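Trainee: Got a structure for you, written out below as structure tokens; questions coming shortly.
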Amino acid sequence: MPMVKTFYCPALLLTLTLGITACGGGGGSESPTSTSTPPPAPEPEPQPPVEVTGDGPFIVVDQFGYLPQAAKIAVLRDPVDGFDSDDAYTPGDTIQVIDTETDSVVFSGSANTWNSGATDTTSGDRAWLFDFSNVTEPGSYQIVDIDREQSSATFNIDDNVYRDVLIQAVRTFFYQRAGHTKTAQHAGAAWADDASHLGPLQDANARRYDAAGDAGSERDLSGGWYDAGDYNKYTNWTSSYVVALLHTYAENPGVWSDDFNIPESGNGVPDLLDEIRWGLDSLRRMQNAEGSVLSIVGLASASPPSAATGQSLYGDASTSATLSATAAFAYGAKIFAAQGSPTFSEYAADLAARAERAWRWTADNPAVAFRNNDEATGTAGLGAGQQEVDDTGRLYKQLIAAIYLYDLTGKDEYRIHVDNHYTEVPMIKSWWLSPFDAEVTRALLYYTALDGATRTTVQAVRERYTELWNGDPGWGAVQNRRDPYGAFITDYTWGSNGVKSLAGGLFADQLTYGIGAHSAQEIRNAGAGYLHYLHGVNPLGKVYLSNMREYGAENSVDQFYHTWFADGSTLWDSVKDSVYGPPPGFLVGGPNPSYDWDACCPNSCGSPENNARCGLAPPAPPYGQPAQKSFLDFNTSWPLNSWAVTENHNMYQVAYIRLLSKFVPAGN
-10 MPMVKTFYCP ALLLTLTLGI TACGGGGGSE SPTSTSTPPP APEPEPQPPV
40 EVTGDGPFIV VDQFGYLPQA AKIAVLRDPV DGFDSDDAYT PGDTIQVIDT
90 ETDSVVFSGS ANTWNSGATD TTSGDRAWLF DFSNVTEPGS YQIVDIDREQ
140 SSATFNIDDN VYRDVLIQAV RTFFYQRAGH TKTAQHAGAA WADDASHLGP
190 LQDANARRYD AAGDAGSERD LSGGWYDAGD YNKYTNWTSS YVVALLHTYA
240 ENPGVWSDDF NIPESGNGVP DLLDEIRWGL DSLRRMQNAE GSVLSIVGLA
290 SASPPSAATG QSLYGDASTS ATLSATAAFA YGAKIFAAQG SPTFSEYAAD
340 LAARAERAWR WTADNPAVAF RNNDEATGTA GLGAGQQEVD DTGRLYKQLI
390 AAIYLYDLTG KDEYRIHVDN HYTEVPMIKS WWLSPFDAEV TRALLYYTAL
440 DGATRTTVQA VRERYTELWN GDPGWGAVQN RRDPYGAFIT DYTWGSNGVK
490 SLAGGLFADQ LTYGIGAHSA QEIRNAGAGY LHYLHGVNPL GKVYLSNMRE
540 YGAENSVDQF YHTWFADGST LWDSVKDSVY GPPPGFLVGG PNPSYDWDAC
590 CPNSCGSPEN NARCGLAPPA PPYGQPAQKS FLDFNTSWPL NSWAVTENHN
640 MYQVAYIRLL SKFVPAGN
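If you number the sequence shown the way the working numbering does, the last residue is 657 and the count never jumps.
Shown next, in the form of structure tokens:
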């Protein structure tokens, strides 16, 4: 099978926030469509239909568990529409909570009908809700319908029920590191690998995209993270991960211990800060002397990553990339300076200088664009996802950068910039608040907590946030239980699991910044609903993290689209069918009702051999299903294009980590 570069659509999460043109329909530089020249297909085998069965589960719970004082609601489901509609279930009169260690009944009651027995259009299910919040004793439990002989997955109740999950979720960034040896000690023997992309003409000697033969263009651009299931490194997105992880640390610093089993563990620094520094150091290498920051490094593909031998090429500096890095440098300087050590003080000072130098460059160069992987501008094949933004995106990025620079320096010029431009974000300008705007919304909320922030701006932001989130799709959706599974979002798109994580974070932000009249427990319960969805309270009873059985999940992601853990790999393809499967903790994209096989299918892919790779029909699921059922554990590449459903992305991961960390106690 030819090597096919992935393409993915993080833009759908950022279209409103950053003005990125949304993806759709096409593919990466080597993904053929009906309008492109297909690659040769050496001896392809026709793909049989993907085998899909129903058979429940009818009772879904958070498979990791619940905090003792939290709301606990199991969802009992009757699949009416979708691939599992031949199954049927109506709860019995008595539902029990069983202590699995003693086999004793600790609570019993009946399930309440959701929405008068209506079928939920997003899931295709009728549902009943079983509230067992009164069960607070730590232990291992199961929900059982004794009349219908149905039971849930086993789960725990405990104050520390999510800590191991958090550790694995954070460790995915270690697996995503470019240019770093993954020893068996830190990666596990299953995923040990030599440092990637450090061979001849790779990251340490990267060359400009249009000067592959020119040694004079060489730059050391080593380090950083693979962005998603591909290995490319994008400044706009790397910077956003750094900022999100810095917030995650600062909002709950007591959670972040020094024992996550990464190479820096045991150095006296919280491991999350070590991981953040890995990202910041790569951004420092991307900065030019005058302050501008390069936009992208395109990396070669192979499985495992160390086997990649192709040349690394970088793209030019851009205003958007430089503004994104400005925010990361400024907030990084603030957080690392607060650590108090001489080493970090020096590091913070360097970041601070870089931030202001970058800001000054953008003032003189306000609209320098660089479009990667764009045939029209001569960059075809450089990267996959389009990282460039439009004028609106640059406006938002400039506002975000000004907020963190004001926090760092206290200079009036940055505060004035915020005051002059905050009205241009969707929350204020368009009366629109949603997880799609989460990045700029989070920055504005952060501004409202800063000493010296303009009082009228602070008041306007807080009042508008409260007003909008008290309606739909915020508290109105919670109070009316618009989603039987307790995690309402307005639209299911590419990357819906990332949207779910961001939506939960919007509730958590109310607690962080003291906004609104709801109690702390009400806010925590609302945010936790989105975690429970990702942990199995969904129509598939699926934990949307990879390979988590060892950590308590009975049905977690078996395989997902990633260059390393590729389809057909005898070692890493899937948990069930390979020696190892992928590592634990990766959050995959999630249900995507826009999924379809490639546009060339079934008979326009350039040759009978290529057409045969389409299969007999698009796999259903994910094709043609209610939104929440538009998911399948698969990782096939072109032309079935599983990346639109199962590819991981660091954007999803940081949103999930930030939300999850709110439910892990400090000091453990």
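The beta-carbon is built from N, C-alpha and C at its ideal position, and this holds for glycine as well. Only a predicted model underlies this, so the values are computations on that prediction, with no experimental measurement involved.
Does the count of Cβ pairs from the segment 82 to 93 and the segment 151 to 161 closer than 8 Å reach three?
Mentor: As far as the Cβ criterion goes, the segment 82 to 93 does not touch the segment 151 to 161, which means the pair count is below three.
Trainee: Comparing alpha-carbon positions, which option in Thr143, Asp426, Gln300 lies nearest Gly202?
Mentor: As a position in the sequence shown, residue 202 is number 213, starting the count at 1. For the residues Thr143, Asp426, Gln300, the minimum Cα distance to Gly202 belongs to Gln300.
Trainee: Grouping DSSP H, G and I as helix and E and B as strand, with all else coil, what is Asp134?
Mentor: Sequence index remark: in the sequence shown, residue 134 carries index 145 (1-based). The answer is strand: DSSP assigns Asp134 an E or B state.
Trainee: Which complete alpha helix (DSSP H) runs does the segment 83 to 169 hold, if anything under 4 residues is left out?
Mentor: Whole alpha helix (DSSP H) segments, 4+ residues: 152 to 164.
Trainee: Taking just the CA atoms, how far does Ser583 sit from Val532?
Mentor: Locating residue 532 in the sequence shown gives position 543, counting from the first residue. Locating residue 583 in the sequence shown gives position 594, counting from the first residue. Cα to Cα, Val532 sits roughly 21 Å from Ser583.
Trainee: Nearest by alpha-carbon distance to Thr368: which of Gly177, Ala200, Phe163, Gln191 is it?
Mentor: Reading the sequence shown from its first residue, position 379 is the one you call residue 368. Of the listed residues, the one whose Cα sits closest to Thr368 is Ala200.
Trainee: Could you tell me the distance, in whole angstroms, from the CA atom of Asn145 to the CA atom of Gln448?
Mentor: The residue you call residue 145 lines up with position 156 of the sequence shown. The residue you call residue 448 lines up with position 459 of the sequence shown. Approximately 42 Å between the Cα atoms of the pair.
Trainee: Grab me the residues of Trp214's own chain with a C-beta within less than 8 Å of its C-beta, minus the 5 sequence neighbours each way, in chain order.
Mentor: Mapped onto the sequence shown, residue 214 falls at position 225. Cβ neighbours of Trp214 beyond the five flanking positions: Phe162, Gln165, Arg166, Ala167, Lys222, Thr227, Tyr230, Trp267, Gly268, Ser271, Asn639.
Trainee: Of the residues Tyr569, Val86, Gly465, Ala358, which one's Cα is nearest the Cα of Ser281?
Mentor: Within the sequence shown, numbered from 1, the residue matching residue 281 stands at position 292. Ranking Tyr569, Val86, Gly465, Ala358 by Cα distance to Ser281 puts Ala358 first.
Trainee: Based on the DSSP secondary-structure assignment, which residues constitute the bridge partners of Ser545?
Mentor: Against the sequence shown, residue 545 aligns to sequence position 556. Answer by DSSP bridge pairing, in chain order: Val532.
Trainee: Check whether the segment 233 to 247 and the segment 124 to 135 are in contact - that is, three or more C-beta pairs closer than 8 Å.
Mentor: Because the criterion of three Cβ pairs below 8 Å is not met, the segment 233 to 247 and the segment 124 to 135 do not touch.
Trainee: Is it right to say Leu397 is buried, meaning 16 or more other beta carbons lie within 10 angstroms of its own, or is it exposed?
Mentor: Here residue 397 refers to the residue found at position 408 of the sequence shown. Buried, by the Cβ-count rule.
Trainee: So, do the segment 75 to 88 and the segment 437 to 451 have three or more beta carbon pairs nearer to each other than 8 Å?
Mentor: Contact between the segment 75 to 88 and the segment 437 to 451 is absent, because fewer than three Cβ pairs lie under 8 Å.
Trainee: If you follow the alpha helix (DSSP H) that Ala337 is part of, which residue opens it and which one closes it?
Mentor: The residue given as residue 337 occupies position 348 in the sequence shown. Looking at the DSSP string, the run of the alpha helix (DSSP H) that includes Ala337 is 331 to 353.
Trainee: Would you mind listing the beta strand (DSSP E) stretches within the segment 242 to 309 that are 3+ residues and don't spill past its ends, in chain order?
Mentor: Listed in chain order, the complete beta strand (DSSP E) runs (minimum 3 residues) inside the segment 242 to 309 are 285 to 287.
Trainee: Thinking C-alpha only, which one of Val634, Ala644, Gly525, Pro615 is nearest Ala142?
Mentor: One-based indexing of the sequence shown puts residue 142 at position 153. Among Val634, Ala644, Gly525, Pro615, the Cα nearest to that of Ala142 belongs to Gly525.
Trainee: Report the option in Trp103, Val244, Arg160, Val86 whose CA atom is closest to the CA atom of Val124.
Mentor: Position 135 of the sequence shown, counted from the first residue, corresponds to residue 124. Selected option, being the one with the closest Cα: Val86.
Trainee: Any heavy atom of the ligand GDP closer than 6 Å to the Cβ of Gly475?
Mentor: With respect to the ligand GDP, the structure shown offers nothing to examine, as it has no ligands at all.
Trainee: Taking the Cβ atom as the reference point for each residue, do Ala660 and Ile324 lie within a distance shorter than 7 Å?
Mentor: This structure leaves residue 660 out entirely; the chain is present only between -10 and 657.
Trainee: When you compare only the Cα positions, how much space is there between Asn256 and Cys603?
Mentor: Residue numbering aside, residue 256 sits at position 267 when the sequence shown is read from its first letter. Residue numbering aside, residue 603 sits at position 614 when the sequence shown is read from its first letter. For Asn256 and Cys603, the distance between alpha carbons rounds to 51 Å.
Trainee: Cα-Cα, which of Asp461, Tyr393, Val378, Ala337 is closest to Ser284?
Mentor: Here residue 284 refers to the residue found at position 295 when the sequence shown is read from its first residue. The shortest Cα separation from Ser284 among Asp461, Tyr393, Val378, Ala337 belongs to Val378.
Trainee: What do you get for Val429, buried or exposed, if any count of 16 or more other CB atoms within 10 angstroms of its CB means buried?
Mentor: Looking up residue 429 in the sequence shown gives position 440. Burial call: buried.
Trainee: Take every Cβ of the segment 496 to 503, pair it with every Cβ of the segment 512 to 524, and state whether three or more of those distances are shorter than 8 Å.
Mentor: Yes, since at least three Cβ pairs between the segment 496 to 503 and the segment 512 to 524 fall closer than 8 Å, the two stretches touch.
Trainee: Going straight from the alpha carbon of Glu636 to that of Ala322, what length do you get?
Mentor: Against the sequence shown, residue 636 aligns to sequence position 647. Against the sequence shown, residue 322 aligns to sequence position 333. The straight-line gap from Cα to Cα measures roughly 32 Å.
Trainee: By Cβ distance below 8 Å, which residues in the same chain neighbour Tyr645 in space, the five residues on each side in sequence not counted?
Mentor: As a first step, residue 645 must be located in the sequence shown, where it is residue number 656. Excluding positions up to five away in sequence, the list reads Ala158, Asn486, Gly487, Ser490, Leu523, Leu576.
Trainee: I need the DSSP call for Gly54, collapsed to helix, strand or coil.
Mentor: The count along the sequence shown starts at 1 and reaches residue 54 at position 65. Reduced to three states, the DSSP call for Gly54 is strand.
Trainee: DSSP state of Trp586, grouped into three classes?
Mentor: Working through the sequence shown from its first residue, we reach residue 586 at position 597. Coil.
Trainee: How would you write the range of the alpha helix (DSSP H) that Leu434 sits in, first residue to last?
Mentor: For the purposes of this step, residue 434 is taken as the residue at position 445 of the sequence shown. Per DSSP, Leu434 belongs to the alpha helix (DSSP H) from 427 to 437.
Trainee: Helix, strand or coil, according to DSSP, for Pro597 in the structure here?
Mentor: Position 608 of the sequence shown holds residue 597. Three-state result, Pro597: helix.
Trainee: Look at Arg451 and Ile504 and say whether their C-beta atoms are less than 7 Å apart.
Mentor: The residue labelled residue 451 in the question sits at position 462 within the sequence shown. The residue labelled residue 504 in the question sits at position 515 within the sequence shown. Against a cut-off of 7 Å, the Cβ pair of Ile504 and Arg451 comes out as a contact.
Trainee: With distances taken between CB atoms, is the gap from Thr318 to Arg343 smaller than 7 Å?
Mentor: Position 329 of the sequence shown, counted from the first residue, corresponds to residue 318. Position 354 of the sequence shown, counted from the first residue, corresponds to residue 343. The sequence as given places Phe at residue 318; Thr does not occur at that position. In contact: Phe318 and Arg343 (Cβ atoms closer than 7 Å).
Trainee: For Lys222, name the three-state secondary structure that DSSP assigns.
Mentor: Residue mapping note: residue 222 aligns to position 233 of the sequence shown, counting from 1. Three-state result, Lys222: strand.
Trainee: If we cut at 7 Å on Cβ distances, does Gly530 have a partner in chain D?
Mentor: Reference to chain D is not applicable here, since this structure consists of a single protein chain.
Trainee: In whole angstroms, what is the alpha-carbon distance linking Ala296 and Ser185?
Mentor: Stepping through the sequence shown from its first residue, residue 296 is reached at position 307. Stepping through the sequence shown from its first residue, residue 185 is reached at position 196. Whole-angstrom Cα-Cα distance: 7 Å.
Trainee: Measuring straight from C-alpha to C-alpha, what distance separates Ser307 and Gln375?
Mentor: Here residue 307 refers to the residue found at position 318 when the sequence shown is read from its first residue. Here residue 375 refers to the residue found at position 386 when the sequence shown is read from its first residue. Spanning the two alpha carbons is a distance of roughly 13 Å.
Trainee: Grouping DSSP H, G and I as helix and E and B as strand, with all else coil, what is Leu576?
Mentor: Along the sequence shown, one-based indexing puts residue 576 at 587. Of the three classes helix, strand and coil, the one that applies to Leu576 here is strand, per DSSP.
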